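Our numbering puts the first residue of the sequence shown at 1, with every later residue one more than the last. Note that CB positions come from ideal geometry on N, CA and C, so glycine has one too. Source: prediction; values computed, not measured.
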Amino acid sequence: MPSVLDSLTLSLPDIAELAHVQRPVVSMWRRRYATAASPFPEAVATRRDQQRFRASEVTAWIERSGLGRNPSFAADVAMRAALDEVPGLDADVALDGLTSLLYVKAQTGELLGALGRAEVLDLADEVDPDDHLAYSEIEALGDRLGDLCELADTAADAAYTPAGALEAVLLDRHRAGRRTLTESAASEGALDVVGRIVLALTSGRGPLTLANPHADCGDLLVAAVRAGSDANGDHDAPACAVPDARTDPATRLARRRLGVLGVRVLDLDADDAVGHAVSPGATIVAQLPPVGSPPWSDDDVLRAVETLAVQREPGRFAVVLGPASALVGAVDGEAEKLRSSLLRNDQVRSVVELPAGLLPGRSRERLAIWVLGDPPADVGLAEQWTTVSDLAGERVTGGALDEGVIDDLVTDVVAAQGTRRDVQGHAFRFTRFAYTSSLVASRSDLSVDFRRLRVGRRDDGGRAAVRAHELATGLGLAGAESVVPGPGRDPRRETLRSVEARGGVRRISGNRLDPRAIGTVGEVPVVGPAELTGDVILGERRMDRLAFSTLPAARYTEPGDVIFCTAPYPAAVVDHVGLSVVEFPAQVLRIDRARAPGLVPHVLAEDISSQRATAKRWRTWEVREVPEDQVSALEELLAAVGQRETLVLDEARRLAELRTTLTRGVADALIQLRTVDNA
């Protein structure tokens with residue numbers, strides 16, 4: 001056990017986290033084993049009202065008792081020590097020293113804890129003779145070098161390799177609050193998406209060669225290298241070029257991280273074009289702003305992308321991860337000019353909008369990816385295009401996207417780099433086609449002005465038409481005879497953001513109502529989330545028309561309005577009659593038939609109700625449009641359905657009112673039911 005653990009202390013929450021158990025379990029251990037032959041260790045200090053326990057004693061007790069669910073408890077405690085507290089060392093010095101020792105261990109295979117100080121420094125000088133990445137950090141450990149060598153050995157054993165240990169240490173950086181390693185850092189899930197896109201774009205182009213002109217700790221480069229290693233094994237050692245900034249701690253850490261993975265690390269002058277600074281064939285991989293930097297303005301992000309576009313070598317790609325506000329969102333002023341210029345240069349081949357939840361510490365902010373590449377060779381200036389992938393509504397769990405989502409996105413992005421014929425022949429899941437001219441002309445969100453790429457045919461053998469005809473005939477609805485099988489084309493789809501942008505729909509907020517004004521009687525039906533989700537029958541809740549008219553900005557619905565909510569999950573209904581009151585947070589979508597002739601209220605309501613429960617951003621919802629020659633006939637038949645539905649719902653409302661009146665009246669002796677006994 002590393003001797004440094006004698007001076008390290010842990011809190012009860014620390015012990016629970018490291019043992020992979022719930023916090024109350026540790027308290028139960030303390031009580032249950034307080035008088036046992038091997039009692040739970042006593043607290044040795046109190047810090048910030050939390051008891052602290054000597055790490056070496058807790059580790060020994062866990063190993064003796066066999067409790068907990070982490071067989072690597074001792075090693076994990078040792079790795080935490082490097083981020084939390086190594087007595088006599090500054091926290092940054094300890095972390096840099098440990099990662100440097102892991103680099104030396106990866107290069108030499110030596111058991112560092114068995115060596116003296118001079119021997120370890122000799123090894124460091126041997127593997128880093130020009131002090132590019134490790135020697136100074138190891139020398140700075142002073143008389144604690146031996147303790148950190150023990151930590152390095154223990155961590156490498158637990159993680160099986162020095163590379164695994166180094167990354168395991170850095171995984172804990174957010175908990176430790178290391179701003180230089182966490183500010184602007186993306187989640188592992190976001191990095192994995194970029195890494196796999198880079199791997200797919202570079203596949204079949206020889207050994208992987210990457211370059212990042214920005215000085216940071218190497219998150220994106222490591223993710224791309226690891227993605228390539230997972231796919232290709234140990235063949236063809238990759239090369240990565242990073243800035244020649246030998247005094248920058250972040251760049252030195254990046255060199256260590258890449259070095260333990262077996263990467264050839266090359267020097268890159270950030271002022272040079274990438275193709276001039278490294279061997280031909282380098283793919284640029286960059287995060288903006290770099291990890292360790294505070295948030296940048298949209299102007300700064302786009303200026304940096306402009307520089308990367310110049311540095312990109314013809315025939316190669318640049319993959320950029322940055323804030324969606326600059327890369328996708330609505331911009332104006334200098335940012336709008338910069339983005340329009342980049343789009344006009346026709347290097348932006350793919351735009352990917354990622355969901356929120358991939359930026360630790362800023363959970364509501366979203367990231368986006370740009371893929372820069374050569375313009376398509378088969379189109380003229382007026383027909384230049386790019387593709388937009390919208391994942392904003394996808395679920396994020398633990399800072400990561402679903403594996404199937406990532407696989408389909410990567411397939412979409414790779415297919416989007418082909419010719420127009422290649423693109424038109426691919427079945428895209430997330431990706432849409434956009435003419436560059438329309439994107440340049442718009443200052444709005446880049447995902448507004450595009451059309452769906454997917455085209456195809458569907459054929460169910462006429463089953464849907466047969467069933468609809470049976471139902472309509474059985475209900476005696478007029479127009480049942482008009483239901484016949486169709487050609488089975490895939491419907492035209494569009495996001496509500498796009499429909500709203502051209503004036504096809506208008507969102508109207510719900511009314512903030514006093515709950516005391518809502519009851520079971522009154523002239524005006526109230527519709528809120530409870531009605532939309534089916535918890536309350538439509539029409540059961542009502543309010544007085546005069547009371548409603550006194551409210552500021554009181555708004556009634558109109559016939560054909562689609563009333564919807566986003567929580568607890570997306571749901572919608574069509575108001576056939578109008579003159580209802582929509583209760584906030586429910587909202588209304590009002591269709592402008594002149595600007596959206598194919599948008600039918602019932603189809604819109606069904607598409608909203610079919611969204612995933614986690615899809616809260618209503619403008620990202622994709623809705624179907626009906627062929628214009630079908631709209632009139634469909635609405636006539638749906639009107640007949642709606643009339644019948646209104647009668648049924650009114651009957652259900654009256655039945656509910658009767659139930660309430662009877663139960664209350666009989667219980668309060670206001671109503672008496674005749675029976676044989678009291679007739």
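The three-state reading of DSSP puts Gly479 in coil, since its state is none of H, G, I, E or B. Secondary structure at Phe584: coil, using DSSP grouped into helix, strand and coil.
In this chain, the alpha helix (DSSP H) harbouring Trp61 covers Ala55 to Ser65. Assignment of Pro323 by DSSP, reduced to helix, strand and coil, places it in the strand class. If you check the CB distance, Gly578 and Glu558 come in under 8 Å.
Between the alpha carbons of Val414 and Val371 lies a gap of roughly 10 Å. Rounded to the nearest angstrom, the gap between the Cα atoms of Trp621 and Thr495 is 5 Å. Taking a cut-off of 8 Å on C-beta distances, the stretch 101 to 115 touches the stretch 251 to 267, as three or more cross pairs fall below it. Under the three-pair Cβ rule at 8 Å, the stretch 108 to 126 does not count as touching the stretch 165 to 177. For Pro355 and Gly66, the gap between their C-alpha atoms comes out near 42 Å. Within its own chain, the residues whose Cβ lies closer than 8 Å to the Cβ of Pro207, once the five positions on either side in sequence are excluded, are Asp236, Ala237, Pro238 and Ala239, listed in chain order.
Every beta strand (DSSP E) stretch that sits fully inside the stretch 316 to 369 and reaches 3 residues is listed by chain position as 318 to 323 and 348 to 353.
Counting only residues of its own chain and dropping the five nearest sequence neighbours on each side, Tyr33 has a CB closer than 7 Å to the CB of Pro39 and Phe40. Given a length threshold of 4 residues, each whole run of the alpha helix (DSSP H) inside the stretch 474 to 560 is given here in chain order: 496 to 501, 529 to 532 and 545 to 549. In the DSSP annotation of this structure, the continuous segment of the beta strand (DSSP E) that includes Arg264 starts and ends at Arg264 to Leu268. The beta carbons of Glu150 and Gly113 sit closer together than 8 Å.
Under DSSP, the beta-bridge partners assigned to Leu210 are Cys240 and Thr283.
Between Val320 and Leu359, the beta carbon gap of about 15 Å keeps them out of contact (Cβ cut-off 8 Å). The alpha-carbon of Gly399 is positioned some 20 Å away from that of Gly164. By the criterion of a C-beta distance shorter than 8 Å, Gly479 is surrounded in its chain by Ala472, Ala633, Glu636, Leu637 and Ala640, once the five residues flanking it on both sides are discounted. It is roughly 22 Å from the alpha-carbon of His214 to the alpha-carbon of Leu166.
Per DSSP, the unbroken alpha helix (DSSP H) holding Thr411 starts and ends at Glu403 to Ala415. With respect to the 8 Å criterion, Asp216 and Val265 are not classified as neighbours on the basis of their beta carbons.
Taking 8 Å as the cut-off, the Cβ atoms of Val77 and Thr99 do not count as close. Ranking Ala553, Gly146 and Val581 by CA distance to the CA of Pro87 puts Gly146 first.
Just so you know, the alpha carbons of Val526 and Lys337 end up roughly 47 Å apart.
In terms of CA proximity to Ala464, Gly486 leads the group Gly486, Arg255, Arg226 and Ser229.
Residue nearest to Ala567 within the set Arg432, Arg316 and Ala613 is Ala613 (criterion: CA-CA distance). When Cβ pairs closer than 8 Å are counted between the two stretches, the stretch 182 to 193 is seen not to touch the stretch 298 to 311, the count staying below three. For the 8 Å CB-CB criterion, Ser56 and Asp6 form a contact. One thing to note: Val623 has its Cβ within 8 Å of the Cβ of Arg493.
Assignment of Arg624 by DSSP, reduced to helix, strand and coil, places it in the strand class. In this structure Gly598 does not touch Glu645 by the C-beta definition: roughly 23 Å separates them, more than the 8 Å allowed. Across the structure, Arg196 and Val222 are spaced so that their CA atoms are roughly 12 Å apart.
Checking the DSSP bridge columns, you'll see Leu372 partnered with Ala318 and Val348.
Within the same chain, and ignoring the five residues on either side of Gly228 in sequence, the residues whose Cβ sits closer than 7 Å to its Cβ are Leu199, Leu208 and Pro238.
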